[in-house]
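Residue numbers (our numbering), protein chains in the order written: chain A, 1 to 206; chain B, 1001 to 1206. All residues carry an ideal CB built from backbone N, CA and C; glycine is no exception. Here the structure is a predicted model, which is why all the values come from computation and not from measurement.
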């Protein structure tokens, strides 16, 4: 009997995607996870827009030139990217690789389409689908976003309706009900903890 | 969008098996889980031996006649059974069915062979493999069992060696290191919690 028999699992670092329709509270959950001070790497997005006052490169965003961004696209070095108001935003693979190589779990906040992209790129990622308690709660939250016109709102609701149907593509579901953010965060932490105890670990390569 | 879209997972009751070689602390973990007062059903074993003073039927054991035990065997109503010092011991399926039907998670402590039997009977069971930190810890624990002769001890070590190789048949691995029982129990609770968040739940039928 060698000690290697006792290594019943290799604590592989995980790639965790927090996703769900608009309004379910993805940012709230990720911010609350950050406040816990756990040793996660939270993914930083690259953007071609200039920094706003107070924004720190590598912390709020990676601020890159359009040339640099074009190079990342060409080399397939972005997990996903999009044009937002004439500026590019995307997630560089390299930081995820580096964080995983250092043994850290990587946490990524993505919309439902982005989560599906990660599933294809890294099938071993842990996909968590956030949702609200019920329809009323989701609509109330979408309503609160004051920047939306009535037209935007009905578009967002229609999109959420379609996205809810895609929950089956995910591994885990977590309800982020009004006033119960802590419960949702505890569920996410339990999921991450349990995944580290899998006998057959998920080995992510990007 | 109906509210049923928000039912992204059905919180199915789980069948959880706590297993591992002799000496890893299966009983300690199960006793500690009991003390947490969580709404689990802990499986009670049926036995043909007479109750000892203070033992309560249905709590310590189900005390049944040999005729009744024979009937349970004949009808395939035992998850597993064994002869221990001329008395029969086994786990009746019916209590597991009833507990699951009432919505309770069922926790079962089994040796490695018993866990393999459950995997065949109920592939959707959650199998947790307990182990020690290393070989030294396991041998020290087996050594402490004063009832064992030196011959028994070497047999137990040989058995443990074989059983450790079967960890790959399990879903999760948990280290129950000396003085760190709470950590093992927390891991088991996180695993159970996470399993309840699976989008595609394990539906156990027995």
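Please state if the CB of residue j and the CB of residue i are separated by a distance shorter than 8 angstroms.
i	j	result
residue 1132/B	residue 1177/B	yes
residue 40/A	residue 104/A	yes
residue 17/A	residue 185/A	no
residue 48/A	residue 87/A	yes
residue 100/A	residue 188/A	no
residue 1160/B	residue 1021/B	yes
residue 15/A	residue 112/A	no
residue 1091/B	residue 1043/B	yes
residue 64/A	residue 82/A	no
residue 202/A	residue 124/A	yes
residue 190/A	residue 1032/B	no
For residue i, which residues of its own chain have a beta-carbon under 8 angstroms away from its beta-carbon, when the five flanking residues on both sides are left out?
i	result
residue 170/A	19, 115, 127, 128, 129
residue 1001/B	Residue placement at residue 1001/B is flagged as unreliable, the pLDDT there being 44, under the threshold of 50; a coordinate-derived value is accordingly withheld.
residue 1167/B	1129, 1131, 1173
residue 58/A	44
residue 1181/B	1025, 1028, 1029, 1032
What does residue i touch in chain B if you count any residue whose Cβ is under 7 angstroms from its own?
i	result
residue 140/A	The contacting residues do not exist; residue 140/A stays about 13 angstroms from chain B at best.
DSSP state of residue i, grouped into three classes?
i	result
residue 124/A	coil
residue 151/A	helix
residue 1116/B	helix
residue 1001/B	At residue 1001/B the pLDDT is 44, less than 50, meaning the model places this residue with poor confidence; the figure from the coordinates comes in the next sentence. DSSP places residue 1001/B in coil when its eight states are reduced to three.
residue 129/A	strand
residue 1199/B	coil
residue 1080/B	strand
residue 89/A	strand
residue 19/A	strand
residue 111/A	coil
residue 27/A	helix
residue 48/A	coil
List the residues of chain A that residue i touches, going by C-beta distances under 7 angstroms, in chain order.
i	result
residue 1170/B	199
residue 1049/B	What residue 1049/B touches in chain A: nothing, since even the nearest Cβ is about 34 angstroms away.
Spatial neighbours of residue i within its chain, please: C-beta separation below 6 angstroms, excluding the five flanking residues on both sides.
i	result
residue 1052/B	none
residue 196/A	11
residue 1095/B	none
Could you spell out the range, first to last residue, of the alpha helix (DSSP H) harbouring residue i?
i	result
residue 1038/B	Neither: residue 1038/B is in no alpha helix (DSSP H) and is coded neither H nor E.
residue 74/A	66-74
residue 193/A	181-195
residue 142/A	135-144
residue 100/A	93-101
Chain A partners of residue i, CB-CB under 9 angstroms?
i	result
residue 1054/B	Going along chain A, no residue has its Cβ under 9 angstroms from residue 1054/B, so there is no contact; the nearest lies around 37 angstroms.
residue 1193/B	186, 187, 190, 191, 193, 194
Please list, in chain order, the chain B residues whose beta carbon lies closer than 8 angstroms to that of residue i.
i	result
residue 112/A	Result: empty, since nearest Cβ-Cβ is about 12 angstroms, beyond 8 angstroms.
For residue i, which residues in chain A fall below 8 angstroms Cβ to Cβ?
i	result
residue 1174/B	197
residue 1116/B	Under the 8 angstroms cutoff, chain A gives no residues; its nearest Cβ is about 14 angstroms from residue 1116/B.
Keeping to the same chain, check which residues put their C-beta closer than 7 angstroms to that of residue i; ignore five residues upstream and five downstream.
i	result
residue 157/A	139, 142
residue 1109/B	1018, 1026, 1027, 1030
residue 1206/B	1093, 1096, 1097, 1121, 1122
residue 1192/B	1014, 1016, 1105
residue 1076/B	none
residue 80/A	90, 91, 114, 117
residue 1153/B	1142, 1143
Tell me which residue opens and which closes the beta strand (DSSP E) that residue i is part of.
i	result
residue 1172/B	1172-1175
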